[in-house]
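Residue numbers (UniProt numbering): 1 to 897.
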C-alpha cells in the first residue's frame with residue numbers, strides 16, 4: 001500500500017475526491033490508508049508527514065527506491081488512469097468573464113475544481129521522478145513507459161484543444177512533464193509552435209489582466225519547463241529553438257514577469273553556468289537564434305553583452321534529473337569568459353543586416369567590461385562604416401547622436417570607475433564628427449534637449465555659466481536654421497523632434513525672422529510636439545508684445561477657429577488684454593472658460609474670480625488666487641481681495657467638480673491662511689476648515705477649528721451626533737457629513753481648555769467637560785461621549801517640571817468617575833501602540849521605555865490621585881504586554897536565520 005502511495009506523492013485529507021482517488025489506487029478503504037500513514041508518521045525517521053490537512057512523503061525518492069519493486073501491474077494501471085483523470089480535470093471557470101465567475105462561485109460551488117492542488121502537484125512530481133529514474137528491470141521500464149505515456153497523452157490533448165485552455169490546466173505541471181518525458185515534450189512543443197494556428201502560442205500570448213477573477217498566467221510555466229530542458233546538453237538546442245520561436249512570435253509588448261528573451265539570456269549567459277553546455281556551444285546557439293529571427297538575435301546579443309552592472313535571474317532547475325545540472329556552483333573560467341566576450345564582439349561586427357538602430361545599440365554597449373582590443377575593433381569598425389554612402393542623414397544622425405551622448409557621459413564622469421579612458425573618449429568624439437549629419441537641423445537638434453550635455457562646460461560645476469552657454473548655442477543654431485531658404489521645412493523637422501518643445505516655442509517668439517503665421521498651422525497638427533511649440537510661442541509673444549499684438553491677431557482674417565482657441569488659451573491675465581478679448585462676446589466667453597490664468601492683476605482679482613466661478617472654474621480660480629497672493633506678498637502690493645470674496649469662493653468650489661481638486665491641497669491651505677490674515681470671523685474659518693477637511697487635513701493643521709473645539713463644547717457634541725447618529729451638517733449629504741465629522745474628531749490632538757500657547761485653562765476645561773457631557777447625554781451618546789472625552793484628556797499638556805497629568809486633569813477624572821471615560825483615557829495614553837517604526841530584530845524596546853515612563857508617572861501622582869494613577873498603571877501594563885510580544889517575535893525572526 002505504501003509503495004502505491006509513492007505514485008501520488010501527496011494529497012489533501014480534507015478533500016473527498018482525493019480520499020476516493022487514494023482508496024481506489026491502493027484497492028482499500030481510506031481509513032486503512034489513514035491508519036497506515038499515522039503509523040509511518042511517528043518515530044525519529046518518519047516516512048510520511050502530516051502538515052495541516054496534507055499528507056506528504058518525507059523523502060519521496062528514497063521511499064520510492066525502496067518500495068518500487070512492490071508496485072503491481074494493477075496498481076500501475078489504476079495509477080495511469082488516475083493521473084489522466086486528475087491532471088486533465090476540467091476547470092469550469094476558464095473562459096468566463098469576471099462577473100460570470102463571481103456568480104458561479106456564489107451559485108454553483110460544486111462546479112469548481114474537485115481534486116486538490118496538493119494531489120495534482122504530487123502526481124506531477126511523481127511522474128518526473130519516475131521518468132528520471134534509472135533501472136533496467138522490467139518493472140522500472142514499465143513505470144517509466146507509463147510516466148512518459150501519461151505526459152504524452154496530456155500534452156497531445158492540449159495540442160488538440162484549439163482554445164488553448166487545456167494548456168492552462170496543465171501549465172503548472174509542464175516542468176515535471178519536461179523531466180518525465182523530455183523528448184516527447186520538445187517534439188510536441190516545437191511541432192505546435194511551427195503550425196500556422198498554434199494552440200500553444202494562443203495560450204502563451206493570452207492576456208490575464210484580472211488578478212482576482214482572470215484565468216491564470218500560462219506563459220511562465222512553459223518558460224520554466226524549457227529552462228529546465230536547457231540544462232541538458234541533449235535537449236539544449238531544442239529548448240533554445242523553442243524559446244526563440246516564442247520570442248519571435250510575441251503578440252504584444254506588455255511587461256510580464258517572465259519573457260522568452262529573458263530566459264534565453266539566462267541560459268546563454270557567459271559569466272555564469274546555467275547549463276551544462278560549454279560557452280562555445282552557447283555562442284553557436286546564439287547564431288542559430290539569429291538565423292531563426294534577426295531581431296531576436298540582435299536583441300539577445302546585446303542582452304548577453306559584457307556589462308559590469310548586468311544582473312541575471314537564474315533559470316528554473318530540474319527537480320529530479322541531477323545529471324542535467326551538476327555544475328551550477330562551478331565558476332566560469334577566466335579563459336572561457338574572455339573567449340565568450342571575444343565571440344560576442346566578433347558576431348556584432350560580422351553579422352549581416354546591420355541596421356542603423358543596431359549600430360546605435362552597439363555604440364551604447366561600448367563600456368569598460370568590453371575588452372580593450374574589442375573596444376578598439378568596434379571603434380575601427382564604426383570608422384569604416386562612417387565612409388559608407390548607404391546611410392542617409394537620419395541614419396547618420398542616430399549614430400552620431402548616440403556616439404556623442406556616450407562620449408559626453410564618459411567625459412563628464414571621467415573619474416568614475418566605470419568610465420572609459422580619456423584617449424578612448426577622444427576617439428569616440430573624433431568618430432562622432434565623422435558621423436555628423438549634413439542637415440543643420442539634425443546637427444543642432446541635441447541643443448533643444450532638456451540637458452544638451454555640453455563638453456566644454458559641466459552642469460554640476462557652474463550652472464549659471466552652463467545655462468548661458470546653452471542659450472547662446474541655441475540662439476546660434478536658430479540663426480543658422482532660419483537663414484536658410486528652406487527654413488520653414490527645417491523648422492518643421494526641428495519642432496517635431498525637439499524634446500524641449502515649450503522652450504523652443506518661446507525662443508521662436510523672440511526671433512524677428514519668424515512670425516506667428518509661419519507656424520500657426522501647427523495648431524491643427526496631430527503631433528503634440530508641434531502644438532506645444534505653438535503654445536510656447538503664444539505664451540511668450542502675448543506677454544512680450546501685449547494687447548496690440550493680440551488685437552491684430554484676433555482681427556486677422558487668416559485666423560481659423562482652432563487657432564483662435566489656441567490664442568485665447570494663452571492670453572495673459574492682464575487688464576488691457578481682457579479689454580481686447582471683451583470686444584467679442586464669443587471670444588470673451590471662450591477666454592474665461594479655457595484660459596490658463598496664472599497670476600491675476602492685484603486690483604482686479606475679484607473680477608477674475610467672479611468670471612471664473614461663473615464658468616464653473618472655481619478650483620482654477622483658487623489655483624490662480626494662491627499664486628497671486630504669493631506674488632503680491634513678494635512684490636509688496638495690496639490686492640482687492642476681501643474675506644467675503646474668498647469665503648464665497650471656497651464655498652462655491654465645494655459645489656463644483658474638477659480634475660484638479662486633489663492636487664490643490666496646498667493652494668487651498670494658502671487661501672485659508674490669507675483669510676485668517678484678513679481677520680475673518682473665527683466661526684467662518686472653522687466652518688471652512690471643517691468643510692475642506694478631507695482635502696487639507698493631511699497637509700495643513702486646521703488650527704482655528706481645533707481651537708474652536710477646545711473652547712466650544714457644543715461643536716464637539718454636534719460632531720459626535722453627526723458621527724454616531726443619522727445627522728448631517730454644512731448642507732452636505734449623510735456620507736459627506738459623516739466623513740468630515742470622523743476626520744475632525746480623529747484628527748484633533750488637542751484637549752478641552754487648551755489655549756493657543758499650549759497651556760491648560762483648568763476652569764475652561766471643567767466647564768467644557770460639564771457642558772459636553774450634558775449635551776451628549778441629551779443626544780443619548782453618554783457612553784461613547786465619555787470615551788472620547790477621556791481620549792482627549794490624554795492629550796493634555798504637562799507642566800514645566802514634566803508632571804503629567806496635571807492635578808486639574810486628575811481631579812476631573814476622579815470626580816467624573818466614568819468607566820468609559822477611564823477607558824478612553826487609557827486608549828489615548830496607549831495611542832503609541834497603534835503604529836510604530838522599528839527594525840525587524842529590535843523587539844519591544846520602545847514599548848518597554850513607554851511602560852517605564854507611565855509606571856514612573858503613576859507613582860508620582862499616587863498620593864494625590866490614586867484613581868488616575870491606577871489608569872496610568874493599566875496603560876503601562878498594556879505597553880509591557882506589547883513589548884513582550886515584540887521581543888518574542890524578534891527572537892523568532894533571529895532563530896529563523
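No residue lacks a Cβ here, since even glycine has one placed at the ideal position from N, Cα and C.
In this text, all values refer to a predicted model and were calculated from it rather than measured experimentally.
Assigned secondary structure, residue i (DSSP; H/G/I helix, E/B strand, else coil)
| i | result |
| --- | --- |
| residue 48 | strand |
| residue 644 | helix |
| residue 597 | coil |
| residue 398 | helix |
| residue 129 | helix |
| residue 754 | strand |
| residue 455 | coil |
| residue 760 | strand |
| residue 834 | coil |
| residue 852 | helix |
| residue 111 | Low confidence applies here, because residue 111 scores a pLDDT of 47, under 50, leaving its location unreliable; read the following figure in that light. If DSSP states are grouped into helix, strand and coil, residue 111 belongs with the helices. |
| residue 537 | helix |
| residue 37 | helix |
Enclosing alpha helix (DSSP H) for residue i [first to last residue]
| i | result |
| --- | --- |
| residue 592 | 585–594 |
| residue 738 | 734–747 |
| residue 810 | 807–816 |
| residue 204 | 199–204 |
| residue 434 | 422–434 |
| residue 276 | Counting along the chain, residue 276 falls outside any alpha helix (DSSP H), and DSSP gives it neither H nor E. |
| residue 192 | 182–193 |
| residue 244 | 236–248 |
| residue 86 | 73–87 |
| residue 354 | Per DSSP, residue 354 belongs to no alpha helix (DSSP H) and is neither H nor E. |
| residue 637 | Run containing residue 637: none; DSSP gives neither H nor E here. |
Element boundaries [beta strand (DSSP E), containing residue i]
| i | result |
| --- | --- |
| residue 12 | 10–12 |
| residue 56 | 54–57 |
Rounded Cβ spacing between residue i and residue j (contact assumed at less than 8 Å)
| i | j | result |
| --- | --- | --- |
| residue 510 | residue 540 | 7 Å |
| residue 843 | residue 881 | About 14 Å separates the two Cβ atoms, so there is no contact after all. |
| residue 787 | residue 744 | About 17 Å separates the two Cβ atoms, so there is no contact after all. |
| residue 675 | residue 653 | That belief does not hold up - the Cβ atoms of residue 675 and residue 653 are roughly 13 Å apart, past 8 Å. |
| residue 84 | residue 6 | Not quite, the Cβ-Cβ distance comes to about 18 Å (not below 8 Å), so this is no contact. |
| residue 577 | residue 600 | Actually they are not in contact, since the Cβ atoms of residue 577 and residue 600 sit about 12 Å apart, beyond 8 Å. |
| residue 824 | residue 791 | 4 Å |
Residue i to residue j span [Cα, whole Å]
| i | j | result |
| --- | --- | --- |
| residue 213 | residue 235 | Because the pLDDT at residue 213 is just 39, under 50, the model does not fix this residue reliably, and the point stays unresolved. |
| residue 883 | residue 854 | 14 Å |
| residue 513 | residue 482 | 7 Å |
| residue 769 | residue 573 | 52 Å |
| residue 232 | residue 119 | 28 Å |
| residue 454 | residue 404 | 10 Å |
| residue 610 | residue 555 | 27 Å |
| residue 373 | residue 342 | 9 Å |
| residue 615 | residue 582 | 15 Å |
| residue 794 | residue 535 | 57 Å |
| residue 888 | residue 833 | 16 Å |
| residue 56 | residue 48 | 6 Å |
| residue 397 | residue 593 | 44 Å |
| residue 292 | residue 245 | 8 Å |
| residue 852 | residue 117 | 51 Å |
| residue 418 | residue 337 | 19 Å |
Exercise for review: Specify whether the segment 286–295 and the segment 339–354 touch according to this definition: at least 3 beta carbon pairs, one from each stretch, less than 8 Å apart.
Suggested key: Touching, yes.
Review point. At a cut of 8 Å, does the segment 462–478 reach the segment 413–426 through at least three beta carbon pairs?
Key: No, the segment 462–478 is not in contact with the segment 413–426.
Review point. Are three or more beta carbon pairs between the segment 312–328 and the segment 367–379 nearer than 8 Å?
Key: Segments in contact, no.
Practice item. Specify whether the segment 519–527 and the segment 561–573 touch according to this definition: at least 3 beta carbon pairs, one from each stretch, less than 8 Å apart. Key: Yes: the two stretches touch, three or more of their Cβ pairs being nearer than 8 Å.
Review point. Does the count of Cβ pairs from the segment 723–735 and the segment 694–704 closer than 8 Å reach three?
Key: Because the criterion of three Cβ pairs below 8 Å is not met, the segment 723–735 and the segment 694–704 do not touch.
Check your understanding: Are there three or more Cβ pairs, one per stretch, closer than 8 Å when the segment 845–855 is compared with the segment 798–813?
Key -> No, because fewer than three Cβ pairs between the segment 845–855 and the segment 798–813 fall closer than 8 Å, the two stretches do not touch.
Practice item. Count the C-beta pairs between the segment 192–208 and the segment 155–169 that are closer than 8 Å, then say yes if the count reaches three, no if not. Key: A contact between stretches requires three or more CB pairs, one per stretch, nearer than 8 Å, and the segment 192–208 meets this requirement with the segment 155–169.
Practice item. Would you be able to state if there are at least three C-beta pairs under 8 Å between the segment 187–196 and the segment 134–147? Key: The way I'd put it, the segment 134–147 doesn't touch the segment 187–196; fewer than three beta-carbon pairs between them come closer than 8 Å.
Point to revise | Stretch pair the segment 256–270 + the segment 235–244: three plus CB contacts closer than 8 Å | key: Judged by Cβ distances under 8 Å, the segment 256–270 makes contact with the segment 235–244, as three or more pairs qualify.
Exercise for review: Taking 8 Å as the threshold, find out whether the segment 5–24 comes into contact with the segment 44–60 through three or more Cβ pairs.
Suggested key: Look at the beta carbons and you see the segment 5–24 touching the segment 44–60: at least three pairs across the two are nearer than 8 Å.
Review point. Would you call the segment 223–232 and the segment 169–185 touching, i.e. three or more CB-CB distances under 8 Å?
Key: Three or more beta-carbon pairs separated by less than 8 Å link the segment 223–232 to the segment 169–185, which places the two stretches in contact.
Exercise for review: Please determine if the segment 432–445 and the segment 484–500 are in contact, where contact requires at least 3 C-beta pairs separated by less than 8 Å.
Suggested key: They touch, by the three-pair rule.
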